[in-house]
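In our numbering, the protein residues as written are 1 to 187. Where a beta carbon is used, it is the ideal one built from N, C-alpha and C, also for glycine. Notes follow the structure.
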């Protein structure tokens, strides 16, 4: 499902491709500002989610890519994204890595946003402007090696079960000075 040629496309609305049968790489064009709720939800045959060219994308809606279980490789969130909605990538269980390192404008990650992405390995580095990690944001990342909060200078809260069942994460965990609340079973 290659949308790259739709150079005037600015909004992929509510349920636009929900439960579609398309396979292969999903490529989002530079012009897209918002991906709505359930836009690609339960598109079980999509093999790659490519947001690399989506340099103007500011919002990824609730359940936008939920249960895109065949999607593999790296999911890189663009610098321009401000908010990732609840359950946006929930149960994208075949993703290998999630790269938030360039998401300099990211302030909000919703409840269950990445929950159930068990195959994600490496490190999850929380960006500087993120103010809160909501409940179960990264729950069940059983392949995760480490959690890096060291650059999250504006992080004030870590929600219930935010990193619960990330059993293979090892090494030193530094909680930033800005954190005021760590909720039940956060780690």
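Report the residue from 114, 183, 77 and 149 whose alpha carbon sits nearest the alpha carbon of residue 161.
-> 183
Please state if the CB of residue 176 and the CB of residue 144 are separated by a distance shorter than 8 Å.
-> No.
Can you tell me where the beta strand (DSSP E) with residue 66 in it begins and where it stops?
-> Premise fails: residue 66 is in no beta strand (DSSP E) and is neither H nor E.
Do residue 38 and residue 49 have their CB atoms nearer than 8 Å?
-> no
Can you pull the DSSP bridge partners for residue 175?
-> Answer is none; residue 175 lacks a bridge partner.
For residue 193, the residue or residues it bridges with in DSSP = The chain is shown only over 1 to 187; residue 193 falls outside these bounds and no answer can be derived.
Looking only at DSSP bridge pairs, what is residue 148 linked to?
-> Paired residues: 125.
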